[in-house]
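Q:
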Amino acid sequence: MSEAWLTEDGVSVAEKKPTTCGQKFLKAMKDNLFTILTLIGVAIGFGIGFGVGTTHPSEVAITWIKMIGTLYIRLLQLTILPVIAANIIVVMARMDPKKNGKMGLAAIGFVIGFDIISGAVGVITAVIIRPGLSTNFVSNNTEKEGPNDAPVTTSDVFADLFLNIFPDNIVSLTIYQTKTIRRWPYYPEKNVTEAVKTNLESTDMIGLIFTTIAFGIAAGASGEAGKVFIDFFESLGNVVLILMRWFLQ
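The sequence shown begins at 974 in the working numbering and counts up one residue at a time.
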């Protein structure tokens, strides 16, 4: 990238690349300042963490030591969801209708595919490793006074996947995921488990992608009536990107 060299009057006299080693070094430092500062921060964090760890700090001290990092992560999490949703809606709304279907199916298929792979890997790993088998835990239904958690089945995992793809509440999908847990019943004579649907406190990202793709396609198909809707999310995306730059810098 060319760089302008100015006289004392502020007039450009030439545009040329840095030639000396010092100029190249300063330009590289400037271009990669964020990465360099991040690596320095990581190194300082490791140093402080190992140093403070030897003093066995209290829980209160640990809370305040990690406060800056916690606030930083929370601010980034605050902006990630709206920027993803806004940009997907705008892109899908302004895309060629002939490409919308293929693009939407490809995006959903990509996410579903990786979710299926991760679920299969988890099930296979659990079957092979069988965690908790070596513990001296003895399950006896006759001694249970209330419901206790039991292992979920493969069917439960894939059922949760499809339930999360098609959420029933546009607000709750930003906060919760559907998760099945299995419990032993209250009555010991029943040697079966009961499936219970619960809400896991985590963003339903696959449901968010499906919902935003659907809204984007619908907004694009609505023509002039959806222009205000699209403009709103485009403005939202730009505003959130500015916030992200502020937080990152």
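Backbone N, C-alpha and C define an ideal beta-carbon position, used for all residues, glycine too.
Keep in mind the model is a prediction, meaning the values are calculated, not measured.
Count the other CB atoms, across all protein chains shown, that sit within 10 Å of the CB of A1001; report buried if there are 16 or more and exposed otherwise.
A: With fewer than 16 other Cβ atoms within 10 Å, it is exposed.
Q: Please classify T1052 as buried or exposed, where buried requires at least 16 other C-beta atoms within 10 Å of its C-beta.
A: When all chains shown are included, T1052 counts as buried.
Q: Which partner residues of V1033 appear in the DSSP bridge assignment?
A: In DSSP, V1033 forms no bridge with anything.
Q: Does the contact criterion of 3 or more C-beta pairs under 8 angstroms hold for the region 1185 to 1192 versus the region 1168 to 1176?
A: With a cut-off of 8 angstroms, the region 1168 to 1176 and the region 1185 to 1192 do not count as touching, because too few Cβ pairs lie within range.
Q: As an exercise, report each continuous alpha helix (DSSP H) stretch of at least 4 residues that is fully enclosed by the region 1139 to 1203, in chain order.
A: DSSP runs (the alpha helix (DSSP H)) wholly in the region 1139 to 1203: 1178 to 1194.
Q: Would you identify the three-state DSSP class for V1125, choosing helix, strand or coil?
A: DSSP places V1125 in coil when its eight states are reduced to three.
Q: On the premise that P1140 lies in contact with G1086, defined as a C-beta separation below 8 angstroms, what is that separation, rounded to the nearest angstrom?
A: Actually they do not touch by this definition, with Cβ atoms about 19 angstroms apart.
Q: Would I1057 pass as a contact of A1192 if the rule is Cβ separation under 8 angstroms?
A: No, they are not a contact pair.
Q: Does T992 come out as helix, strand or coil in the three-state DSSP assignment?
A: Coil, per DSSP.
Q: Please tell me whether T1124 and R1155 are closer than 8 angstroms, where the distance is taken between their beta carbons.
A: The identity of residue 1124 in the sequence shown is Pro, whereas the question assumes Thr. Their beta carbons are under 8 angstroms apart, which means P1124 touches R1155 by this criterion.
Q: Would you mind working out which of A1059, T1011, K1200 sits nearest G1042, comparing C-alpha positions?
A: Nearest C-alpha to G1042: T1011.
Q: Note down the Cα distance separating M1068 from N1137, rounded to an integer number of angstroms.
A: Cα to Cα, the separation comes out at about 26 angstroms.
Q: Using three-state DSSP, classify T1098 as helix, strand or coil.
A: DSSP places T1098 in helix when its eight states are reduced to three.
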